[in-house]
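K.L.:
Shown below is the structure under consideration.
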Amino acid sequence: MKPAMPTVIRVGAKPDAVTAFGIYFDGETAIPNDVVLTIDEARSALRIHVGAKTVIWPLADIRRVPDQADRSRQLLRLAGDPVARLFTEDQLVTVRCPNLGRRVPTLRTGRLMSWAAGAVASVAIITTVLVPVMANQLADVMPARGEKALGDATFQQIRSVLAPSGADELRLCESPQGVRALSKIRTRLEGAMEQSHELTVAVLDHGMVNAFALPGGYVVFFRGLIEAAESPEELASVFAHEIGHVDQRHVTRHVLRSAGTIGVLGLLFGDFAGGALILFLTERLIRAQYSQAAETEADEFSIELLPKAGVSPEAQARMFERFRAMAGEADGLLAHFLTHPRLSERIDMARNAVPEGFEGTPLLTDAEWQELKRICR
Amino acid sequence: MAGEDPSTSTNPAEVAGAADLPKVHRGARRSEDTSPDLSEPEVHKGRFTGGKWRMFLLAGRTGALTVLTLGFYRFWMKTRLRRWYWSAVRIGNFPLEYVGDPLEKLLGFLIAVVFLAFYIGVVNLLLMFASFSLFQGSFPAYFLSLLGVLPLWFYARYRAWRYVLARTRWRGIRFGLAAGAWGYAWRALVHWALAILTLGILWPRKTFWLEKYRTDRTWYGSHRLQQGGRWRDLLGAMKHLYVSVGIAAAMVGYGAITESVDMVVRSLVLSPWIAYGLAFWRARSFSILTRNKTAHGITFESQARPARIFGIYVLGYSISGFIALFVLVPLVLVAAAIFSGFGFGATLDLGPLDDLPSWFLSLLGAVLYFSLFLVWGALRHAFVTVPLWAHFTETLTVLDHDGLKNVHQRARDEFEEAEGFAEALDVGAAI
């Protein structure tokens, strides 16, 4: 029993009326005490008669312990006392307590706020600074063999996912004349590059108007893109853009980055119902931001490379205009270019990059261009 | 005695008990008890006072709030569900009380995020890099990342138990778990490795020793619990699993060697037996471990029935599954309508769904998706967890040989990190 507990000595007035019975635990021992409960009206307090002793609970400080399964009796506590408990089946006591449902604070909010700020800062720094910086550094030192393996695996995956029904994988387009024309463009672009890359160039037999780069120097065109281009220069502008992705190791960086980011986001959302969906959407959002920056970098790379290779960046502007015109009939798979909202800006950027009085050198003869367009036949 | 620090208590009875703890068996045990008092014990029978329907409403309501707050409310949800479950478990005349606080859980989670975000982010990235550089593939990275998290996972689990016990009371007296999470983590790693390497034969050994580690560090006020018995006592509880899984493995193995798919398919006939084996193990291992626990004159009896546990699983999941279908079927239809709008599977005729605008379909899909998780979660609480708790409680008896009158309060274990690590790592998703 707490020695500091006030003991009340009544002077003169008549004894309180018995209001209820209950069982009291003092929080020091496990012994249940059958108690008589009375209300001291003068002090507006509950008197718990534990044998010869009396415990005083001010009515305003009595709280009901919430979410109890057994509703046949109430479990009461005192706001300032963490351990003492009172069970009572009588409603007579509880109707007199004005603050029954009020919360009992256990924690200082300042502490909570500072850790919350710490957690937000830590996650923000890790996902926006530390992980990207590390991913960039590590992508640059990743051995070529590792990158090639990553590219090979992804390329095979894409070919089998897009395979027409009845086939195991999407066909490669390899007509000898077409391949020769394509490598002529490639040689011209490579000749203008400061740093050489081991490129693997392929054309896939699919109508999608798109092209992509993969780790390990993969530059892959779909038949649809070659058909949509109206000149070898337009095709070369896409080629240069994809080499830009290879040069900057965008995909490798992205793989490393998402390995770090997904784990951290998983921590935050935990296992609540449907949390996986939120996790997925957040990751997509971060990825979109990142790929927009990557597209801009690849654009910059290509408009710098094209004039050196004797191709006007104007060709890139015209290619983008074609994409913009097609956006109306988008089937969602032009995504690689069309999901970027600022296509107009990209067109302007390419057009402004045309050097004063620039005269391009044709990449292919008409005959070669026609052969390239038939590469899938 | 009143001012005694429970963590340094060296009660003579306890030391003597640890030195030559008698082999404890059903029935013959009580007279051999280490308690100095041999008079008739006071019997406190277990009783479960909670109903399915109220749990369904509570889980549904708090689950909905969790979804609406993007997961933020889950700390409150967990606290409220625990308060309810604990209060429904009555031993003798008095229920357990859970005094955990949602805000302290949130704080613990934030603390864990600060430490783990660094570890998870940087380590996963490095592993992915090493995996591609050295092994030309991503699989080793996932494998190593899982392996790297395992010790943390066990660590977090022990810390979560410590938090939950520190916030559990009975008759106004606190429970507690002594520190020892890293000790638990490495023991768990070794025992799990042994259990896996022996194809599950040493599973009961793992269960026993981990339970003993935990129980021997558990306190009720000033009384420390003790896990008696031997791990071999649990072998019998595994008999159905040993035989049923053994036969199934042999059939699958034979099928694989002779390339007979039939044999593999036929082994599915054994799945009800395996399911019964799991229920049998759950009931028997709980009973055996419980009967062999003691705490200074307090002993336990448990009569959990395998058939009842099996019935709860079968019936509970059937009912939950059937009701959840009413959400799942519309969800599948809406998903089909959304995808056919994108040009996939355009041949499906979905009737009126085809005419709805796509934003409406997406919204409907999202609502149904979250409803499915909510309804399933609430149903599982109502039809599986509540009946299981009810059965384990009502078959439990606490026998008090004057132990309760000597128990004293223990100091509060502040434990600021709460179960933050477990929360962040998704450990112990049950409640």
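Residue numbers (our numbering), protein chains in the order written: chain A, 74 to 450; chain B, 4 to 434.
Note that the Cβ used here is the ideal one computed from N, Cα and C, for glycine as well.
These numbers come from a predicted model, not from an experiment.
Please confirm if residue 9(B) has its CB atom under 9 Å from at least one CB of chain A.
P.N.:
As a position in the second sequence, residue 9(B) is number 6, starting the count at 1. With a pLDDT of 38 at residue 9(B), under the threshold of 50, the predicted position of this residue should be treated as unreliable, and no value is reported.
K.L.:
By the 10 Å Cβ neighbour count, where 16 or more other Cβ atoms means buried, how is residue 267(A) classified, buried or exposed?
P.N.:
Start at 1 with the first residue of the first sequence, and residue 267(A) comes out as number 194. The residue is exposed, with fewer than 16 neighbouring Cβ atoms inside 10 Å.
K.L.:
Buried or exposed: where does residue 317(A) fall if 16 or more other Cβ atoms within 10 Å of its Cβ makes it buried?
P.N.:
Locating residue 317(A) in the first sequence gives position 244, counting from the first residue. The residue in question, residue 317(A), is buried, as its Cβ has 16 or more Cβ neighbours within 10 Å.
K.L.:
Quick check: the Cα distance between residue 24(B) and residue 81(B), rounded to an integer number of angstroms?
P.N.:
If you number the second sequence from 1, residue 24(B) lands on position 21. If you number the second sequence from 1, residue 81(B) lands on position 78. The predicted position of residue 24(B) is uncertain, since its pLDDT is 37 and thus under 50; a value taken from the coordinates is nonetheless stated next. Using only the alpha carbons, I get a separation of about 39 Å.
K.L.:
What separation, rounded to the nearest whole angstrom, lies between the Cα atoms of residue 349(B) and residue 335(A)?
P.N.:
Start at 1 with the first residue of the second sequence, and residue 349(B) comes out as number 346. Start at 1 with the first residue of the first sequence, and residue 335(A) comes out as number 262. Low local confidence applies: a pLDDT of 43 at residue 349(B) is under 50, so the model's placement there is unreliable, with the coordinate-based value given in what follows. Taking the straight line from one Cα to the other gives about 33 Å.
K.L.:
Can you tell me whether DSSP reads residue 27(B) as helix, strand or coil?
P.N.:
As a working mapping, residue 27(B) is identified with position 24 in the second sequence. Since pLDDT at residue 27(B) reaches only 39, below the 50 mark, its modelled position is unreliable, and no value is offered.
K.L.:
Tell me the rounded alpha-carbon separation between residue 75(B) and residue 69(B).
P.N.:
As a position in the second sequence, residue 75(B) is number 72, starting the count at 1. As a position in the second sequence, residue 69(B) is number 66, starting the count at 1. Roughly 6 Å between the two C-alpha positions.
K.L.:
Below 6 Å CB to CB, which residues in the same chain sit around residue 270(A) once its five sequence neighbours on both sides are set aside?
P.N.:
Locating residue 270(A) in the first sequence gives position 197, counting from the first residue. Taken in chain order, the residues that qualify are 290, 319.
K.L.:
Can you find the residues in the same chain that come closer than 7 Å, C-beta to C-beta, to residue 174(B), ignoring five residues on each side of it along the sequence?
P.N.:
One-based indexing of the second sequence puts residue 174(B) at position 171. Hits under 7 Å: 97.
K.L.:
From the beta carbon of residue 149(A), is the nearest beta carbon of chain B less than 9 Å away?
P.N.:
Counting from one through the first sequence, the residue named residue 149(A) turns up at place 76. It does not: the Cβ of residue 149(A) has no partner Cβ on chain B nearer than 9 Å.
K.L.:
Is DSSP giving residue 236(B) helix, strand or coil here?
P.N.:
Taking the second sequence and counting its residues from 1, the one referred to as residue 236(B) is at position 233. Helix at residue 236(B).
K.L.:
Can the beta-carbon of residue 293(B) be found less than 9 Å from the beta-carbon of residue 180(B)?
P.N.:
Here residue 293(B) is taken as the residue at index 290 of the second sequence, counted from 1. Here residue 180(B) is taken as the residue at index 177 of the second sequence, counted from 1. It is not a contact, given that the beta carbons lie outside the stated cut-off.
K.L.:
Quick one: grab the DSSP three-state call for residue 305(B).
P.N.:
Taking the first residue of the second sequence as 1, we reach residue 305(B) at position 302. Strand.
K.L.:
Residue 291(A) bridges to which residues according to DSSP?
P.N.:
Mapped onto the first sequence, residue 291(A) falls at position 218. Residue 291(A) is bridged to 273(A), 287(A).
K.L.:
Give the range of the beta strand (DSSP E) segment to which residue 47(B) is assigned.
P.N.:
Residue mapping note: residue 47(B) aligns to position 44 of the second sequence, counting from 1. Looking at the DSSP string, the run of the beta strand (DSSP E) that includes residue 47(B) is 45-51.
K.L.:
Considering residue 372(B), what are the terminal residues of the alpha helix (DSSP H) in which it resides?
P.N.:
Counted from its first residue, the second sequence places residue 372(B) at position 369. Unbroken alpha helix (DSSP H) run through residue 372(B): 361-383.
K.L.:
Measuring only the C-alpha atoms, how far is residue 51(B) from residue 144(B)?
P.N.:
What you label residue 51(B) is simply residue 48 of the second sequence in a count that begins at 1. What you label residue 144(B) is simply residue 141 of the second sequence in a count that begins at 1. Those two C-alpha atoms are separated by around 47 Å.
K.L.:
In chain order, what residues of the region 190-211 of chain A put their CB closer than 8 Å to some CB of chain B?
P.N.:
Listed by position along the chain: 191, 192, 195, 196, 199, 200, 203, 204, 207, 208, 211.
K.L.:
If distances are taken between C-alpha atoms only, which option among 100(B), 327(B), 132(B), 65(B) comes closest to residue 100(A)?
P.N.:
Counting from 1 along the first sequence, the entry for residue 100(A) is found at position 27. It is 100(B) whose Cα lies nearest to the Cα of residue 100(A).
K.L.:
Taking 9 Å as the CB-CB limit, is residue 121(A) close to chain B?
P.N.:
Locating residue 121(A) in the first sequence gives position 48, counting from the first residue. Judged by the 9 Å Cβ criterion, residue 121(A) is not in contact with chain B.
K.L.:
So, is residue 186(A) buried or exposed, given that buried needs 16 or more other C-beta atoms within 10 angstroms?
P.N.:
Within the first sequence, the letter at position 113 stands for residue 186(A). The residue is exposed, with fewer than 16 neighbouring Cβ atoms inside 10 Å.
K.L.:
Which chain A residues are close to residue 52(B), counting only those with a beta carbon under 7 Å from its beta carbon?
P.N.:
Against the second sequence, residue 52(B) aligns to sequence position 49. Near residue 52(B) (Cβ distances below 7 Å), the residues of chain A are 142, 143.
K.L.:
Could you tell me how far apart the beta carbons of residue 220(A) and residue 288(A) are, in whole angstroms, since I believe they sit closer than 8 Å?
P.N.:
Translated into positions along the first sequence, residue 220(A) becomes position 147. Translated into positions along the first sequence, residue 288(A) becomes position 215. So it is a contact: roughly 4 Å between Cβ atoms.
K.L.:
Following the continuous beta strand (DSSP E) through residue 295(B), name the residue where it begins and the one where it ends.
P.N.:
The count along the second sequence starts at 1 and reaches residue 295(B) at position 292. Premise fails: residue 295(B) is in no beta strand (DSSP E) and is neither H nor E.
K.L.:
Between residue 130(A) and chain B, is there a C-beta pair that is closer than 9 Å?
P.N.:
Looking up residue 130(A) in the first sequence gives position 57. No, residue 130(A) does not count as interfacial toward chain B.
K.L.:
Answer yes or no: the CB of residue 195(A) versus the heavy atoms of the ligand ATP, is any distance below 8 Å?
P.N.:
No copy of the ligand ATP occurs in the structure displayed, which carries no ligand at all.
K.L.:
With DSSP as the reference, label residue 96(A) as helix, strand or coil.
P.N.:
Locating residue 96(A) in the first sequence gives position 23, counting from the first residue. Strand.
K.L.:
Under 9 Å, do residue 258(A) and residue 301(A) count as touching if we go by C-beta distance?
P.N.:
Within the first sequence, numbered from 1, the residue matching residue 258(A) stands at position 185. Within the first sequence, numbered from 1, the residue matching residue 301(A) stands at position 228. No, Cβ-Cβ distance for residue 258(A) and residue 301(A) is not below 9 Å.
K.L.:
Can you pull the chain A neighbours of residue 144(B), defined as C-beta to C-beta under 9 Å?
P.N.:
Translated into positions along the second sequence, residue 144(B) becomes position 141. Near residue 144(B) (Cβ distances below 9 Å), the residues of chain A are 332.
K.L.:
Can you check whether the C-beta of residue 224(B) is within less than 9 Å of a C-beta belonging to chain A?
P.N.:
The count along the second sequence starts at 1 and reaches residue 224(B) at position 221. Yes, contact with chain A.
K.L.:
Could you tell me whether the Cβ of residue 328(A) comes closer than 9 Å to any Cβ of chain B?
P.N.:
Mapped onto the first sequence, residue 328(A) falls at position 255. Cβ-Cβ to chain B under 9 Å: yes for residue 328(A).
K.L.:
With residue 387(A) as the anchor, note down where its alpha helix (DSSP H) starts and where it stops.
P.N.:
In the first sequence, the residue the question calls residue 387(A) occupies position 314. It spans 387-399 - the alpha helix (DSSP H) in which residue 387(A) sits, taken as one unbroken run.
K.L.:
Sort 89(B), 58(B), 65(B) by Cα distance to residue 395(B) and report the nearest one.
P.N.:
On the second sequence, position 392 is the one that residue 395(B) refers to. The option with the nearest alpha carbon to residue 395(B) is 89(B).
K.L.:
Threshold first: 4 residues or longer. Then list the alpha helix (DSSP H) segments lying entirely within the region 133-212 of chain A, N to C.
P.N.:
Whole alpha helix (DSSP H) segments, 4+ residues: 164-167, 182-198.
K.L.:
Can you pull the chain E neighbours of residue 224(A), defined as C-beta to C-beta under 9 Å?
P.N.:
The structure shown contains no chain E; the protein chains it does contain are A and B.
K.L.:
Buried or exposed: residue 98(A), going by 16 or more other Cβ atoms within 10 Å of its Cβ?
P.N.:
To locate residue 98(A), count along the first sequence from 1; it is residue 25. By the 10 Å Cβ count, residue 98(A) comes out buried.
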